[in-house]
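Residue numbers (this note's numbering), protein chains in the order written: chain A, 347 to 750; chain B, 3 to 163; chain C, 4 to 83. Note that the Cβ used here is the ideal one computed from N, Cα and C, for glycine as well. What follows is a short report on a single structure.
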């Protein structure tokens, strides 16, 4: 029997895509997983109000999350998040003007449970006047070794569109029609959780991220020494590499204390192709009191080395191929002290409201830059001699959670 | 050819774990029960006995309890009994939960995990069915909605023996 | 750094298969299922309040050079 030309082509295409080896392995992954459960996340709804205040920036807004099982095996979730930004930060004051803007983010996800495997997929889309981002992700999670171990593999892909607002002669902020850039991102992650003893559990995360495209900030500028002009320095456009690859690995250890409390220690190491090396250390303590109250305290220490192409003040114009002055890429260290209180309550008579909590959390962030100076004071101190910049911020969260 | 061998070998390892069979005489035990008395498995020789290992902290266990209660009520007069073995070292949480969701079948406390070890409990919840002659006939690990049909099939056929 | 898709697919499926098989022919768990009550306690969860921890991660990620390995997936932003 002669196959039609179409059928022959289709047959060949199918063969070429996945080798028999891979197809067999994939099929086995589905069949071989024994029929004992992993567990889907609980149904819940959370409404949060967040507020960040520091360094002359205020960012506030809501975050709403709803998660519900729609069948025995499928749990869906959706989140709306908003940032209302009022910024007169040191960067804005140096090279732009104070602004207000709103960033909105919507995300949706699904988790599907099949035996000991959980398949997750989702998307996140965000929009602000000068930036549009879309992210999609997929992950597979597998319980093994008598459910003592869980391994998760994840993949994500993001597409960003970068725009720029400029001030018209009339003083109105408008999109610059000549500025339209793209940035693409890919991420691969591997996580593991391991029950060590009756009281201790270990978590491990590794993530590889790659970025390509326009990775700079269109509003920030570098500065270079120019004696006799203005305050002694001149601003110029940043030039960033158009690729970035980073590796980060973290370890978390959670320990149950016999009087019912939990102690968590975390460490993360980060390094990337821009020359940044960073360490994060965090200690958390959770202490319930009676059946209704849970108190949390945390201490986070972060230390970062500057990117290769970063400098607070370049010696002259076009000093090197890549130049940046974003303080996010500077050398600095920070401490964050946090405390939270959670009150568990039930609404009698309403079945869906039998488990709820009201929560408040405060974090205080203190950042000390080692090579980022307050350029606004160049007139008094001379460029390159201004005091190093310090930043203190207060982060406040209040939220209500309902498990229904 | 290599792929086929690999595939067959993989399945050969995988398939035995899917089965949930048990065999041999059911290990005997005596445990303290809710209500104060001691209860032993030997008391129920001649009846079909279903033992359900559960804990108040285990979601699927809590989900399963009302179904176990209805199975108990339906078949209790036909020579069937259900023993709920609670595996928690401190039974306070279990008692609190039972006050809110009462059941009528016996609840036994296995505080030292003696019986859990005897029955090689490898998942929560675990359900074991023992026939009238004291032999293990079914072992089921975990619970997802629909599993109760498996229990019912087993119970119905064992009651008729 | 770009890993060839075919090699990555093979590595991923092999890892998944190993994971699936490991669930079957496994070493005896040294913490029995009936000994895991502490891990059912919400205070022992790695992510007890996802809205709150995702928000804090977003705050740090937009102000620091480091990113990743936190367990949460964030969206992009042009945060200054």
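Continuous alpha helix (DSSP H) stretch holding residue i: start and end
i                      : result
residue 724 of chain A : 724-727
residue 1 of chain B   : Here chain B covers residues 3 to 163 and nothing more, so residue 1 of chain B does not appear.
residue 59 of chain C  : 53-66
residue 438 of chain A : 436-441
residue 499 of chain A : Residue 499 of chain A -> not in any alpha helix (DSSP H); beta strand (DSSP E) instead, spanning 495-513.
residue 153 of chain B : 149-161
Buried/exposed call for residue i, threshold 16 Cβ in 10 Å
i                      : result
residue 378 of chain A : Caution applies to residue 378 of chain A, whose pLDDT of 39 falls short of 50 and renders its modelled position unreliable; the value that the coordinates give is listed next. Counting Cβ neighbours within 10 Å, residue 378 of chain A comes out buried, since at least 16 surround it.
residue 494 of chain A : buried
residue 376 of chain A : Interpretation of residue 376 of chain A is limited by its pLDDT of 39, a score under 50 that renders its predicted location unreliable; the figure taken from the coordinates is listed afterwards. Burial call: exposed.
residue 689 of chain A : exposed
residue 1 of chain B   : The structure shown does not extend to residue 1 of chain B, since chain B is modelled only from 3 to 163, so the question has no answer here.
residue 520 of chain A : exposed
residue 35 of chain C  : buried
residue 162 of chain B : exposed
residue 315 of chain A : Because chain A in this structure spans residues 347 to 750, residue 315 of chain A falls outside the shown range and cannot be described.
residue 479 of chain A : buried
residue 118 of chain B : buried
residue 685 of chain A : exposed
residue 694 of chain A : exposed
residue 461 of chain A : buried
residue 535 of chain A : buried
residue 91 of chain B  : exposed
residue 446 of chain A : exposed
residue 135 of chain B : exposed
residue 567 of chain A : buried
residue 737 of chain A : buried
Endpoints, the beta strand (DSSP E) within which residue i is located
i                      : result
residue 681 of chain A : 678-691
residue 390 of chain A : 390-400
residue 458 of chain A : 445-460
residue 541 of chain A : 519-541
residue 403 of chain A : 403-415
residue 665 of chain A : Counting along the chain, residue 665 of chain A falls outside any beta strand (DSSP E), and DSSP gives it neither H nor E.
residue 719 of chain A : 701-719
residue 490 of chain A : 477-490
residue 30 of chain B  : Residue 30 of chain B -> no beta strand (DSSP E), and no H or E assigned at all.
residue 140 of chain B : 138-143
residue 31 of chain C  : It is not in any beta strand (DSSP E) - residue 31 of chain C carries neither H nor E in the DSSP assignment.
residue 736 of chain A : 734-749
residue 49 of chain C  : That residue, residue 49 of chain C, is in no beta strand (DSSP E); it is neither H nor E in DSSP.
residue 474 of chain A : 463-474
residue 644 of chain A : 639-650
residue 130 of chain B : 128-132
residue 425 of chain A : 420-433
Interface partners of residue i on chain F, CB under 9 Å
i                      : result
residue 385 of chain A : Although the question refers to chain F, the structure presented lacks it and instead comprises the protein chains A, B and C.
Self-check item: Entirely enclosed beta strand (DSSP E) segments - the stretch 551-636 of chain A, minimum 3 residues
Solution: When DSSP assignments are scanned along the stretch 551-636 of chain A, the uninterrupted stretches of beta strand (DSSP E) that are 3 or more residues long and fall wholly within it turn out to be 567-571, 579-583, 589-603, 607-618, 623-635.
Practice problem: Mind listing, in chain order, the continuous alpha helix (DSSP H) runs of no fewer than 4 residues lying wholly within the stretch 34-113 of chain B? | Solution: Counting only runs that start and end inside the stretch 34-113 of chain B, the alpha helix (DSSP H) elements of at least 4 residues fall at 61-77, 94-102.
Quiz item: Going along the chain, which residues of the stretch 414-429 of chain A sit with their C-beta nearer than 8 Å to a C-beta in chain B?
Solution: Listed by position, the residues of the stretch 414-429 of chain A near chain B (Cβ gap below 8 Å) are 418.
Quiz item: Should the stretch 65-74 of chain C be called in touch with the stretch 639-659 of chain A, which here means at least 3 C-beta pairs below 8 Å?
Solution: yes
Quiz prompt | Contacting positions in the stretch 486-500 of chain A - beta carbon closer than 8 Å to chain B | solution = 492, 493
Quiz item: If contact means a Cβ-Cβ distance below 7 Å, which residues of the stretch 591-604 of chain A contact chain C?
Solution: 591, 592, 594, 595, 596, 598, 600, 602
Quiz item: Between the stretch 391-414 of chain A and chain C, which residues of the former have CB atoms less than 7 Å from a CB of the latter, in chain order?
Solution: 392, 394, 396, 398, 409, 411
Exercise. Indicate whether the contact test is met: 3 or more Cβ pairs, each with one atom in the stretch 43-51 of chain B and one in the stretch 127-147 of chain B, closer than 8 Å.
Key: yes
Practice problem: Report the residues of the stretch 33-49 of chain C with a CB closer than 8 Å to any CB of chain B, ordered along the chain. | Solution: 35, 36, 37, 38, 39, 40, 43, 44
Exercise. Could you run through the stretch 90-114 of chain B and flag, in chain order, every residue whose CB is less than 7 Å away from some CB of chain C?
Key: 90
Quiz item: Taking one C-beta from the stretch 567-576 of chain A and one from the stretch 716-732 of chain A each time, how about it: are there three or more such pairs within less than 8 Å?
Solution: yes
Quiz prompt | Cβ pair count under 8 Å reaching 3, the stretch 573-585 of chain A against the stretch 527-545 of chain A | solution = no
Quiz item: Going along the chain, which residues of the stretch 143-154 of chain B sit with their C-beta nearer than 9 Å to a C-beta in chain A?
Solution: 143, 144, 145, 146, 147, 148
Quiz item: In chain order, what residues of the stretch 47-66 of chain B put their CB closer than 7 Å to some CB of chain A?
Solution: 61, 62
Quiz item: When you check each C-beta in the stretch 115-130 of chain B against every C-beta of chain A, which residues fall closer than 7 Å?
Solution: 124, 125
Quiz prompt | Three-pair Cβ contact test at 8 Å for the stretch 627-643 of chain A versus the stretch 392-408 of chain A | solution = The stretch 627-643 of chain A is not in contact with the stretch 392-408 of chain A.
Quiz item: Are the stretch 699-707 of chain A and the stretch 665-676 of chain A in contact at 8 Å, needing three or more beta carbon pairs?
Solution: no
Quiz item: Do the stretch 56-64 of chain B and the stretch 25-37 of chain B touch if we need at least three Cβ pairs shorter than 8 Å?
Solution: no
Quiz item: Three or more C-beta pairs closer than 8 Å, one from the stretch 592-609 of chain A and one from the stretch 465-473 of chain A: is that the case here?
Solution: no
Exercise. Would you check if there are 3 or more beta carbon pairs closer than 8 Å linking the stretch 443-461 of chain A to the stretch 409-420 of chain A?
Key: yes
Quiz item: What residues in the stretch 627-642 of chain A bring their beta carbon closer than 7 Å to a beta carbon of chain C?
Solution: Result list: 632, 634, 640.
Exercise. Spell out a yes or no on whether the stretch 96-109 of chain B and the stretch 68-75 of chain B are touching, meaning 3 or more CB-CB pairs, one atom from each, closer than 8 Å.
Key: yes
Quiz item: Between the stretch 520-534 of chain A and the stretch 548-566 of chain A, do three or more beta carbon pairs fall short of 8 Å?
Solution: Contact holds: three or more Cβ-Cβ distances are below 8 Å.
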